[in-house]
Amino acid sequence: MDYTRQEMMAIATGREFKDGELAIFGVGLSMLAGFFAQRNHAPGLMAFTEGGVYGSTPVGGLPWGIEDNRISANAVSFTNAIDALGFLVASGRVDNAVIGAAEVDKYGNVNTTGIWAPDTEPWKVGKYTLPRVRLNGSGGANEIATGAKKYLLMVTHEKKRFNEKVAYISSPGYLDGGNTREKYGFPGGGPSAMITTLGILRPDPVTKEFILTGYYPFSSIEEIKENTGWDLKVAPDVQVIPEPTEKELENLRAVDVTGSLRKK
Amino acid sequence: MDYTRQEMMAIATGREFKDGELAIFGVGLSMLAGFFAQRNHAPGLMAFTEGGVYGSTPVGGLPWGIEDNRISANAVSFTNAIDALGFLVASGRVDNAVIGAAEVDKYGNVNTTGIWAPDTEPWKVGKYTLPRVRLNGSGGANEIATGAKKYLLMVTHEKKRFNEKVAYISSPGYLDGGNTREKYGFPGGGPSAMITTLGILRPDPVTKEFILTGYYPFSSIEEIKENTGWDLKVAPDVQVIPEPTEKELENLRAVDVTGSLRKK
Amino acid sequence: MNKSKLITMKEAVEQYTYDGMYFGHGGALPVGSDCISFFREMVKVGRKDIDIASNCNSQGTNLLAAVGGLKRMEVGFSGLEVYGFANGLKRAVETGQTVLEDYSNGAIPIRMMAGALNWPFIPMFMNTGCDQQWASADDPENYPNTKKIPEITDPFTGRICGAFTPIKPDVAAIHVTMADIYGNAIMLGTEWNRYELSRCSKKVILCADKIVDTGVMRQYPNLVRIPYIVVDAVVYAPFGVWPQCSTGLYDSDEEHMYYMNKMLKTEEGTNEYLQAFGQYDDVFDYVNLVGQERIDKITKTDTAFLMDPYRQWIKTDAEIKELLERR
Amino acid sequence: MNKSKLITMKEAVEQYTYDGMYFGHGGALPVGSDCISFFREMVKVGRKDIDIASNCNSQGTNLLAAVGGLKRMEVGFSGLEVYGFANGLKRAVETGQTVLEDYSNGAIPIRMMAGALNWPFIPMFMNTGCDQQWASADDPENYPNTKKIPEITDPFTGRICGAFTPIKPDVAAIHVTMADIYGNAIMLGTEWNRYELSRCSKKVILCADKIVDTGVMRQYPNLVRIPYIVVDAVVYAPFGVWPQCSTGLYDSDEEHMYYMNKMLKTEEGTNEYLQAFGQYDDVFDYVNLVGQERIDKITKTDTAFLMDPYRQWIKTDAEIKELLERR
């Protein structure tokens, strides 16, 4: 079957959503995955945006941003950011969500804030030096990371993005692993999976280190280990993730009207 | 001129409001005083209710309550309680307000919560016994007392209502006088006057004890002292408060369409 | 948004309420919009030991207290404004039947907001330096009380303020002007605390004066302050606020407000009142009980024009009955 | 509500903004409603050393940063979503010209709400346990920082959470869909942080796509989330959000979004951009600059029907000019 790695990642992400869940997606890839799930197997998925746009589906293609008119044209309710990110996300009500990352580490911590020159990262030098490249900041991902019952990290699988430790924690995963996250009393449970262009990693229940639990028909354990910046452990029951079914691909492409995921 | 004591009190209260002030009134007497001021000399007075009803004037008579349709028929905005009592009142934005009281003390503390059998008041017995008569609680008056830049107490002048110390402080005035209020960091400045059916009392700038600064043409210093439960001091410059002008009375009665203040 | 949540009043009270629950209602002030007919139904089935978080007493809490169903209440205002003291509640408090924990009208909605945010506590400058802080009906032996609203120090300036607990009711019944079958709702008039209450409660039941088509929500999404995702059930509750007022639809029934409050002053009066106004089968029957004469009088409201933009979407009683049967 | 607050864009920027001010703007996310033409005017008159509380970057802050006018920014998201990094802001941060203090998209509006409530601080479980807490651009020498979001103990449960400072800007400019001359405003689409911002700022200027008669406010008071009493000035700002979108009125101008961001990447590009799009006299002239071709394209929005109920109250340009002259 003909599909791209991006499409596989979106479908694998979409499969994680169950009917009736309360969910929040960002723009782009994660929104595609979510609306794919709603169309494919979870018609009662309740999705909303960071700004409090409820009950809508995109019209005229994927929105340029989450408050774009493309997501506002058929809403049943518009409220505000405190409602969406405070009352629903940070409070612990959301069942599942997706966030992206420029960089992740083995405990699922996410950096979307900046890239530092080697050995100038704040935690290495004990001060907050300027980043070499300023990224976008945490946005609403921090509320998801601290508040959602569980959430998914959706990341392009490249070695430079998968590091032992991220330069800057924009959105906390399991911090230093084990029970180090618990100190902060977050209502949310932490990341349940990293779904990448090459496979799926899930946290070890005790150490919270992300280990490889699945790879795609087109990838391999070796390829994934090569593209991961820490010594990636492999689950004893690691599995090949089923490729997209025809129905899944059809539903994904019906959502991805502009074919943004088909570009290789 | 023919006017009632209640009308005199309402007009004396209304005179305290200046054009352009942000103000909040409760139902009944205090709302009459406020809308009288708006009609008489303060057209730009900005009034709102506890529930966030903005830009309206009562229709069909005085409202039965502050969220009654009589105050909702010509509003420009409806919001909510946090907006009105939190953002505008408790925050310290309101310029002036009026609250009523079942009982006041010499430092302007207000009781609207209950009447206790003699010597069973919480502060006397060190526990919170049941009141003999349950009153209405603090309502939004506590936000006014703690947040308004200044506010007026409007009280029927009877000895049983004017006590050395109130049984229960529902809304704090100057507490034990002097700077005892300051400990609590309230954004608001405290009560600026007690306007009663017999005269006007204002706080001493240092001790914060309320002293008699004015009496009406129909009352006297002696009558007021007799009807006050503490040893009321009289200001050296105590004055006779001008009786209502014809214009004032006309404007008050235009607001008090049902003549509720004319009943003796 | 693919499932109807429309159920009957009887079903809502049976399925969602229970003795001993922590209940929230909303609610403008005493004479404004509150889910009065929901309280009537709870009284009808004899719910008791109810613990209530209330921004404000209304005829609903007044009635529940009058029949002895109200165990405890956290409230900002316990009266009926110009209609006087709430006699049913007053009696329950004075006899010790209802434990009344006092806060202010501002503190209760903010504590609900803090519940919605799932905050640990809220630091504020209201309700401190007075007996709302020092007197606790839940812990009456300790005066001045230091646990109800403990002092906390602002880490930035060192100032002292009061720390408040959040409110998270088990169940809330919320009056709204209009709702669709999925649970999207529009309120006319002040929201008072209803927006926050819809977010802080574990279960939310809407009591709607009118059931409307979802078309009105899509035309006026900024009016939909309660979206379907926070709602568990929708109940058609025509004249559900009577004898209080519902902005846009009907005014307060002054005569009945006084009459009802007078009756609730005694146990006998309460029984007599319930004989006359507590016996009906469903909401359609209840509307008959309110009666055409009263309805004609109270629907002549100066706020009626506020409903004009929405009339085309209102479902008729026949349509609502069909929606209920079709389930 | 007896005085018109309608003034021109030029007057608003002259009278209410100043170098070094603490400024708030709102604002949906990067591509949504923000007062972009207000930023253009500030850039035109050369406002500098601006300290901004921003729930989110937009082309407004991107432009102000690109010209070097942005001294400091507290922000939740500094990009342009699908349009990429905000090049003007990115450049200003990487060169150290702009001090960027990071929070999240949820924390900034809540800090504004706390400012509106005049709270001492807010205890929350967000932005802690990560570099939003440990890294402070305002105090970079101390890492991990313990003063930006200090730990505080919940007096009720002993849990540890983070304490946040409230936000209280000196001045805020807020885009709204419609405003009357007194300052009552209606927003279509998500409010994002605009409601809270209108309450926490010392001065509030509305930038309205449409000036409307107060009749619309009286018909739809529940839509008026910003009433006149919190507003200091009203500015007519047609296409004031361009090239971003204004729900109900126009879509994002995708081509210009990319073009503008590309130009802001360098100082030269920024100057070139301002030569082309920073030279106009008043808002009527500015609309000509946007041009009919672009206007025709972006006003074909799928959200246009959302404006239908309000069209009868919209003032024409001629009426607005007369209102401005009549002062």
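Chains A, B, C and D are the protein sequences, given in the same order.
Per my numbering, residue 1 is the first one in the first sequence, and the count goes up by one each step.
Per my numbering, residue 1001 is the first one in the second sequence, and the count goes up by one each step.
Per my numbering, residue 2001 is the first one in the third sequence, and the count goes up by one each step.
Per my numbering, residue 3001 is the first one in the fourth sequence, and the count goes up by one each step.
C-beta: ideal position from N, C-alpha, C; glycine also.
Everything numeric in this text was worked out from a predicted model, so none of it was measured.
>> List, in chain order, every chain C residue whose beta-carbon is nearer than 7 Å to that of D/Ile3152.
In response: Position 152 of the fourth sequence, counting from 1, holds the residue named residue 3152 of chain D. Per Cβ cutoff of 7 Å: Pro2155.
>> Between D/Pro3123 and chain A, is the shortest Cβ-Cβ distance under 7 Å, so that the two count as touching?
In response: For this step, residue 3123 of chain D is matched to residue 123 along the fourth sequence. Not one chain A Cβ lies under 7 Å of D/Pro3123.
> Can the beta-carbon of B/Tyr1216 be found closer than 7 Å to that of B/Met1008?
Replying inline: For the purposes of this step, residue 1216 of chain B is identified with residue 216 of the second sequence, where counting begins at 1. For the purposes of this step, residue 1008 of chain B is identified with residue 8 of the second sequence, where counting begins at 1. Yes. Within cutoff.
> Whose Cβ in chain A lies nearer than 9 Å to the Cβ of D/Cys3200?
Replying inline: Within the fourth sequence, numbered from 1, the residue matching residue 3200 of chain D stands at position 200. Per Cβ cutoff of 9 Å: no residues; D/Cys3200 is ~12 Å from chain A at best.
>> Is there a Cβ of chain C sitting closer than 7 Å to that of D/Pro3238, yes or no?
In response: Taking the first residue of the fourth sequence as 1, we reach residue 3238 of chain D at position 238. No - not a single Cβ of chain C is within 7 Å of the one on D/Pro3238.
> Looking at the structure shown, is C/Ile2149 part of a helix, part of a strand, or coil, going by DSSP?
Replying inline: Here the question's residue 2149 of chain C lines up with position 149 in the third sequence. Looking at C/Ile2149 - three-state DSSP - the assignment turns out to be coil, as it is neither helix nor strand.
> Using a C-beta to C-beta distance shorter than 7 Å, which residues of chain D count as neighbours of C/Thr2165?
Replying inline: The residue labelled residue 2165 of chain C in the question sits at position 165 within the third sequence. Those within 7 Å of C/Thr2165 in chain D are Phe3156.
> Rounded to whole angstroms, how far is the Cβ of D/Lys3150 from the Cβ of D/Ala3114, which I believe are closer than 8 Å?
Replying inline: Locating residue 3150 of chain D in the fourth sequence gives position 150, counting from the first residue. Locating residue 3114 of chain D in the fourth sequence gives position 114, counting from the first residue. Correcting the residue type first, residue 3150 of chain D is Pro in the shown sequence and not Lys. Not a contact, Cβ separation roughly 15 Å.
>> Can you tell me whether C/Gly2088 sits near the ligand HEM, meaning its C-beta is under 6 Å from at least one heavy atom of the ligand?
In response: Looking for the ligand HEM in the displayed structure turns up nothing, as the structure carries no ligands at all.
> Where DSSP assigns a beta bridge to B/Gln1239, which residues make up the other side?
Replying inline: As a working note, residue 1239 of chain B is residue 239 in the second sequence. Paired residues: B/Gly1214.
> In its own chain, which residues sit with a C-beta less than 7 Å from the C-beta of B/Glu1223, not counting the 5 before and 5 after it?
Replying inline: Numbered from its first residue, the second sequence carries residue 1223 of chain B at position 223. These residues qualify, in order along the chain: Leu1198.
> Going along chain A in order, which residues have a C-beta closer than 9 Å to the C-beta of D/Ile3174?
Replying inline: If you number the fourth sequence from 1, residue 3174 of chain D lands on position 174. Within 9 Å Cβ-Cβ: nothing; D/Ile3174 doesn't reach chain A, min ~13 Å.
> Terminal residues of the continuous alpha helix (DSSP H) containing A/Asn251?
Replying inline: Here residue 251 of chain A is taken as the residue at index 251 of the first sequence, counted from 1. Segment 246-255, the alpha helix (DSSP H) holding A/Asn251.
> Alpha carbon to alpha carbon, what distance is there between C/Glu2041 and D/Ala3076?
Replying inline: Counting from 1 along the fourth sequence, the entry for residue 3076 of chain D is found at position 76. Counting from 1 along the third sequence, the entry for residue 2041 of chain C is found at position 41. The displayed chain sequence assigns Gly, not Ala, to residue 3076 of chain D. When rounded, the distance between both Cα atoms is 47 Å.
> Which residue spans inside the segment 1122-1152 of chain B form an unbroken alpha helix (DSSP H) run of at least 4?
Replying inline: 1122-1125, 1141-1147
> Since D/Arg3218 meets chain B, which of its residues come closer than 8 Å, beta carbon to beta carbon?
Replying inline: Locating residue 3218 of chain D in the fourth sequence gives position 218, where the first residue counts as 1. Correct list: Asn1074, Ala1075, Val1076.
>> So with CB distances below 8 Å, who are the chain D contacts of B/Ala1090?
In response: Against the second sequence, residue 1090 of chain B aligns to sequence position 90. By Cβ distance, chain D contributes Leu3117, Asn3118.
>> Restricting to Cα atoms, I'd like to know which of D/Asp3308, D/Asp3282, D/Gly3158 is closest to D/Ile3007.
In response: In the fourth sequence, counting from the first residue as 1, residue 3007 of chain D sits at position 7. Cα-wise, what sits closest to D/Ile3007 is D/Asp3282.
>> Please list, in chain order, the residues of the segment 3205-3216 of chain D that have any C-beta partner in chain B closer than 8 Å.
In response: Thr3214
>> Using a Cβ-Cβ distance cut-off of 7 Å, determine whether C/Val2231 contacts chain A.
In response: What you label residue 2231 of chain C is simply residue 231 of the third sequence in a count that begins at 1. Not an interface residue.
> What residues of chain C sit near A/Thr79, judged by a beta carbon separation below 7 Å?
Replying inline: Translated into positions along the first sequence, residue 79 of chain A becomes position 79. Simply Arg2225.
>> Which of the three DSSP states is assigned to C/Met2307 in this structure?
In response: On the third sequence, position 307 is the one that residue 2307 of chain C refers to. Note: C/Met2307 maps to helix in three-state DSSP.
> For C/Ile2211, which residues does DSSP report across the bridge?
Replying inline: Counting from 1 along the third sequence, the entry for residue 2211 of chain C is found at position 211. In DSSP, C/Ile2211 forms a bridge with C/Ala2179.
>> Between which two residues does the alpha helix (DSSP H) holding C/Phe2277 run?
In response: Here residue 2277 of chain C is taken as the residue at index 277 of the third sequence, counted from 1. That run of the alpha helix (DSSP H) goes 2267-2277.
> When the Cα atoms are used, what is the spatial distance from D/Gly3158 to D/Glu3101?
Replying inline: For the purposes of this step, residue 3158 of chain D is taken as residue 158 along the fourth sequence, with counting starting at 1. For the purposes of this step, residue 3101 of chain D is taken as residue 101 along the fourth sequence, with counting starting at 1. The straight-line gap from Cα to Cα measures roughly 29 Å.
> Taking the DSSP output, what are the residues bridged to C/Cys2161?
Replying inline: Taking the third sequence and counting its residues from 1, one reaches residue 2161 of chain C at position 161. The partner list for C/Cys2161 (beta bridge, DSSP) reads C/Ile2152.
> CB D/Ile3050 to CB D/Val3241, shorter than 7 Å?
Replying inline: Residue numbering aside, residue 3050 of chain D sits at position 50 when the fourth sequence is read from its first letter. Residue numbering aside, residue 3241 of chain D sits at position 241 when the fourth sequence is read from its first letter. Going by C-beta atoms, D/Ile3050 is not nearer than 7 Å to D/Val3241.
> For C/Asp2131, does the count of other Cβ atoms within 10 angstroms reach 16, so buried, or fall short, so exposed?
Replying inline: As a working note, residue 2131 of chain C is residue 131 in the third sequence. Buried.
> So what does B/Phe1078 bridge to, in DSSP terms?
Replying inline: As a working note, residue 1078 of chain B is residue 78 in the second sequence. For B/Phe1078, which the question treats as bridged, DSSP gives the partners B/Val1053.
>> Can you check which of these residues, D/Leu3249, D/Ala3318, D/Phe3277, D/Gly3291, is closest to D/Thr3299 by C-alpha distance?
In response: As a position in the fourth sequence, residue 3299 of chain D is number 299, starting the count at 1. It is D/Leu3249 whose Cα lies nearest to the Cα of D/Thr3299.
>> Any contact between the segment 1002-1020 of chain B and the segment 1183-1197 of chain B? By contact I mean 3 or more CB pairs, one from each, below 8 Å.
In response: yes
>> Checking 7 Å against the spacing of the C-beta atoms, do A/Gly147 and A/Ala90 come in under that value?
In response: Looking up residue 147 of chain A in the first sequence gives position 147. Looking up residue 90 of chain A in the first sequence gives position 90. Their beta carbons are under 7 Å apart, which means A/Gly147 touches A/Ala90 by this criterion.
>> List, in chain order, every chain B residue whose beta-carbon is nearer than 9 Å to that of D/Tyr3228.
In response: The residue given as residue 3228 of chain D occupies position 228 in the fourth sequence. Residues of chain B passing the Cβ test: Met1046, Tyr1054, Gly1055, Val1076, Ser1077.
>> Can you tell me whether D/Arg3072 is helix, strand or coil according to DSSP?
In response: Residue numbering aside, residue 3072 of chain D sits at position 72 when the fourth sequence is read from its first letter. In this structure, D/Arg3072 counts as strand in the three-state DSSP scheme.
> So the alpha helix (DSSP H) D/Ile3320 belongs to, where does it begin and stop?
Replying inline: Taking the fourth sequence and counting its residues from 1, the one referred to as residue 3320 of chain D is at position 320. Run containing D/Ile3320: 3317-3325, per the alpha helix (DSSP H) assignment.
> Going along chain C, which residues have a C-beta under 8 Å from A/Pro187?
Replying inline: On the first sequence, position 187 is the one that residue 187 of chain A refers to. Neighbours of A/Pro187 on chain C, chain order: Asn2118.
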